[in-house]
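> Using the working numbering, you'd call the opening residue of the sequence shown number 11 and step up by one each time. The following block contains the structure, expressed as structure tokens.
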Amino acid sequence: MTNVAALEFAWERAEPIPAERRKVLLASPGFGDTYSDHMVTMRWQAEQGWHDARVTGLAALSLHPATMAFHYGQTVFEGLKAFWRPNGQRALFRPTDHARRFNRSAHRMAMPRLPEESFLAALEAMLRADGNWVPSARGHSFYLRPFMIAAETHLGNRPAEEYLFALIGSPARPASGAEPKPIRLWASTEYIRAAPGGTGAVKCGGNYGGSYIAQQQAAAHDCDQVVWLDARERRYVEEAGGSNLFFVESTTDGPRLRTPPLSGTLLAGVTRDSILRLARWLGYPVSEEPLTLDEWEQGCRDGRMTEAFACGTARAIAPVGHVASAQREWSVGDGTAGPVTSRLLRALLDIQYGQAPDEFGWMRLVDGPGEA
Ligand SMILES: *Cc1c(COP(=O)(O)O)cnc(C)c1O
């Protein structure tokens, strides 16, 4: 496990999707429905550590039915974005922070850590292979999905002794455009996402599988996402679907931001952290302070809480327009994106698309293959 920093990738170039077809796909990307030409894989075994690093054509994985990931759910993932630069380079947003979180997830799931340099090397290899899959329009991006699964063939109920890391990429449009569409949230009082001591703070597959029943209820109530409440009291607001939440409060000194603290049941979003820093930099006071659903409703009704938004890699920032639960329903502000939400979204995108100085050193530039 010690020589991993020097991990060399074996390259097998794929027959690419023809450039004409790629251009059509890149003109109107969806989310998670189109994949680029290549993938990166690495394997881990106790004696060898990480080895067998490859860049190959994107292809189906062949796995034995007794592969442990299918049975006991040792799977973790990350999601991050690369952005186009006019000089042929591509810019990854905060990849080291994603590498660290990947390892926190792996640790919680009793899986091996992947050295940060290897995680970064995989991302860079992917962009060297498929950098021409990074769409150039503002708002569009190339979504990178690194993941790790228990790859040992065994039915014993214990941590696996073999793992597979893989990285795939997919061109993506933003869920939030210049005029982001406000979302409606459904506060679930029946189901919870995460409990103290559980896995809520990490990106493991089971967290998502366990959340879809509540997501179905949200959809049945004409809502886009679930608002998760704390497991103990079902009073405190934690997250919105797979995104963190921010609230804008109006004070006599102007707007201030508030977000639930990382209590151990929330996922520490890289976007959340970016918003906290950007907000302070733009002069908004911020606090990481718990908020109950009651307080949120009351604050919206008496005009103290003027805006709210969900944030995460996939959608950047999505304004919250309405909140509903089995008992009640209210709108946030006038139900549209407020000025603080819009300003933060603009500031974040300006850095990601290279239209503002990278004040915080968030962008990691990678040489791509040239023309998009
Ligand atoms: C990934 C994720 C987020 C957002 O994290 P980012 O790093 O900002 O993409 C928030 N909550 C949950 C549950 C998540 O899985």
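Yeah, the Cβ is synthetic: ideal placement off N, Cα and C, and Gly gets one too. Nothing here was measured: the structure is a model prediction, and the numbers come from that model.
1. Are there any heavy atoms of ligand 1 lying less than 7 Å away from the beta-carbon of Glu-248, as far as the coordinates show?
2. Quick check on the burial criterion: 16 or more other C-beta atoms within 10 angstroms. Buried or exposed for Val-258?
3. Among the candidates Pro-75, Gly-371, Glu-307 and Ile-285, whose CA atom is the shortest distance from the CA of Ser-297?
4. Could you check whether Glu-162 and Met-78 sit closer than 8 Å to each other, using their CB atoms as the reference points?
5. Measure how close the beta-carbons of Pro-271 and Glu-249 come, nearest whole angstrom, since I'm counting them as under 8 Å.
6. According to DSSP, which residues form a beta bridge with Phe-87?
7. Look up Pro-265 in the DSSP assignment and give the residues it is bridged to.
8. Quick check on Asp-240: buried or exposed, where buried means 16 or more other Cβ atoms within 10 Å of its Cβ?
9. Taking contact to mean 3 or more Cβ pairs, one atom from each stretch, closer than 8 Å, check whether the region 350-365 and the region 326-336 are in contact.
10. What residue from Glu-134, Gln-337 and Phe-103 has the CA that sits closest to Gln-362's CA?
11. Ligand 1 and Val-280: does the residue's C-beta get closer than 7 Å to at least one heavy atom of that ligand?
12. Over what stretch of residues does the beta strand (DSSP E) that includes Glu-317 continue unbroken?
13. Return the CA-CA distance between Ala-413 and Gly-67, expressed in angstroms with no decimal places.
14. Could you check how far apart the C-beta atoms of Ala-20 and Arg-64 are, in whole angstroms? I think they sit under 8 Å.
15. Per DSSP, which one or two residues make a beta bridge with Val-212?
16. Please check the pair Leu-195 and Tyr-246, which I expect to be a contact at CB under 8 Å, by giving their CB distance rounded to whole angstroms.
17. Rounded to the nearest angstrom, what separates Gly-309 and Ala-147 at their Cα positions?
18. For ligand 1, is there any heavy atom lying closer than 7 Å to the beta carbon of Ser-180?
19. Under 7 Å from any heavy atom of ligand 1, does the C-beta of Asn-254 make it?
20. Identify, in the order they occur along the chain, each residue of the same chain with its Cβ nearer than 8 Å to the Cβ of Glu-18, setting aside the five sequence neighbours on each side.
21. Can you tell me which of the three DSSP states Asn-13 falls into?
22. May I ask you to report which of helix, strand or coil DSSP gives Gly-179?
23. For Ile-178, which residues from the same chain have a beta carbon less than 7 Å from its beta carbon, with the 5 sequence-adjacent residues on both sides left out?
24. Assign Ile-223 to buried or exposed, taking buried as 16 or more other Cβ atoms, counted over all protein chains shown, within 10 Å of its Cβ.
25. Which residue marks the beginning of the alpha helix (DSSP H) containing Ser-115, and which one marks its end?
26. Which one or two residues does DSSP pair with Asn-254 in a beta bridge?
27. Under the DSSP definition of a beta bridge, which residues are partnered with Ile-223?
28. In angstroms with no decimal places, state the Cα-to-Cα distance between Gly-216 and Thr-262.
29. Roughly how far, in whole angstroms, is the beta-carbon of Gly-252 from the beta-carbon of Gly-322, given that I think they are within contact range, below 8 Å?
30. What does a CB cutoff of less than 6 Å around Ala-29 pick up in its chain, not counting 5 residues either side in sequence?
31. If you compare alpha carbons, which of Trp-143, Ala-182 and Arg-114 is closest to Asp-43?
32. With Arg-100 and Leu-130 assumed to form a contact (beta carbons below 8 Å), what rounded beta-carbon distance in angstroms separates them?
33. So, for Gln-365: in the same chain, excluding its five sequence neighbours on each side, which residues have a beta-carbon less than 7 Å away from its beta-carbon?
34. Quick check on the burial criterion: 16 or more other C-beta atoms within 10 angstroms. Buried or exposed for Lys-33?
35. Exposed or buried, which one is Gly-141 when buried takes at least 16 other CB atoms within 10 Å?
36. Within the same chain, show all residues whose beta-carbon is closer than 7 Å to that of Val-376, passing over the 5 residues directly before and after it, in chain order.
In this structure, then:
1. To locate residue 248, count along the sequence shown from 1; it is residue 238. No, Cβ of Glu-248 sits at least 7 Å from all heavy atoms of ligand 1.
2. Counted from its first residue, the sequence shown places residue 258 at position 248. Burial call: buried.
3. Numbered from its first residue, the sequence shown carries residue 297 at position 287. Taking only the C-alpha atoms, the option nearest Ser-297 is Ile-285.
4. Looking up residue 78 in the sequence shown gives position 68. Looking up residue 162 in the sequence shown gives position 152. Contact: yes.
5. Residue numbering aside, residue 271 sits at position 261 when the sequence shown is read from its first letter. Residue numbering aside, residue 249 sits at position 239 when the sequence shown is read from its first letter. Not a contact, Cβ separation roughly 12 Å.
6. Mapped onto the sequence shown, residue 87 falls at position 77. Per DSSP, Phe-157.
7. Residue 265 sits at position 255 when you count from the first residue of the sequence shown. Answer is Ser-260, bridged to Pro-265.
8. As a position in the sequence shown, residue 240 is number 230, starting the count at 1. It counts as buried.
9. yes
10. Stepping through the sequence shown from its first residue, residue 362 is reached at position 352. Closest option to Gln-362, Cα to Cα, is Phe-103.
11. Mapped onto the sequence shown, residue 280 falls at position 270. Yes; taking the cut-off as 7 Å, the Cβ of Val-280 has a heavy atom of ligand 1 nearer than that.
12. Within the sequence shown, residue 317 is the residue found at index 307, counting from 1. Counting along the chain, the beta strand (DSSP E) containing Glu-317 begins and ends at 315-322.
13. With the chain running from 11 to 382 in the structure shown, residue 413 is simply not present.
14. Taking the first residue of the sequence shown as position 1, residue 20 is located at position 10. Taking the first residue of the sequence shown as position 1, residue 64 is located at position 54. Confirmed, about 5 Å.
15. Looking up residue 212 in the sequence shown gives position 202. In the DSSP output, where bridge partners are listed per residue, Val-212 has none listed.
16. In the sequence shown, the residue the question calls residue 195 occupies position 185. In the sequence shown, the residue the question calls residue 246 occupies position 236. 15 Å between Cβ atoms; not a contact.
17. Your numbering for residue 309 matches position 299 in the sequence shown. Your numbering for residue 147 matches position 137 in the sequence shown. Rounded to the nearest angstrom, the two C-alpha atoms are 38 Å apart.
18. The count along the sequence shown starts at 1 and reaches residue 180 at position 170. Checking the Cβ of Ser-180 against ligand 1 gives no.
19. Stepping through the sequence shown from its first residue, residue 254 is reached at position 244. Because some heavy atom of ligand 1 lies under 7 Å away, the Cβ of Asn-254 counts as near it: yes.
20. Along the sequence shown, one-based indexing puts residue 18 at 8. Excluding positions up to five away in sequence, the list reads Ala-63.
21. Counted from its first residue, the sequence shown places residue 13 at position 3. With a pLDDT of 46 at Asn-13, under the threshold of 50, the modelled position of this residue cannot be trusted; read the value that follows with caution. Reduced to three states, the DSSP call for Asn-13 is helix.
22. On the sequence shown, residue 179 is found 169 positions in, with the first residue counted as 1. Gly-179: strand per DSSP, three-state reduction.
23. Along the sequence shown, read from residue 1 onward, the residue named residue 178 stands at position 168. Around Ile-178: Tyr-45, Met-49, Leu-68 and Arg-155.
24. Start at 1 with the first residue of the sequence shown, and residue 223 comes out as number 213. That one is exposed.
25. Numbered from 1 along the sequence shown, position 105 holds the residue referred to as residue 115. 105-118 is the span of the alpha helix (DSSP H), which, as asked, contains Ser-115.
26. In the sequence shown, the residue the question calls residue 254 occupies position 244. The partner list for Asn-254 (beta bridge, DSSP) reads Glu-249 and Cys-321.
27. Within the sequence shown, numbered from 1, the residue matching residue 223 stands at position 213. DSSP lists no partner for Ile-223.
28. Locating residue 216 in the sequence shown gives position 206, where the first residue counts as 1. Locating residue 262 in the sequence shown gives position 252, where the first residue counts as 1. Cα-Cα distance, rounded: 44 Å.
29. Your numbering for residue 252 matches position 242 in the sequence shown. Your numbering for residue 322 matches position 312 in the sequence shown. Sure, about 6 Å apart at Cβ, within 8 Å.
30. Locating residue 29 in the sequence shown gives position 19, counting from the first residue. Excluding positions up to five away in sequence, the list is empty.
31. One-based indexing of the sequence shown puts residue 43 at position 33. Of the listed residues, the one whose Cα sits closest to Asp-43 is Ala-182.
32. For the purposes of this step, residue 100 is taken as residue 90 along the sequence shown, with counting starting at 1. For the purposes of this step, residue 130 is taken as residue 120 along the sequence shown, with counting starting at 1. The pair is not a contact, with the Cβ atoms about 13 Å apart (cut-off 8 Å).
33. For the purposes of this step, residue 365 is taken as residue 355 along the sequence shown, with counting starting at 1. Correct list: empty, nothing qualifies.
34. Here the question's residue 33 lines up with position 23 in the sequence shown. By the neighbour-count rule (16 or more Cβ atoms within 10 Å), Lys-33 is not buried but exposed.
35. As a working mapping, residue 141 is identified with position 131 in the sequence shown. By the neighbour-count rule (16 or more Cβ atoms within 10 Å), Gly-141 is buried.
36. For the purposes of this step, residue 376 is taken as residue 366 along the sequence shown, with counting starting at 1. The residues are Gln-99, Arg-100, Leu-102, Glu-134 and Leu-137.
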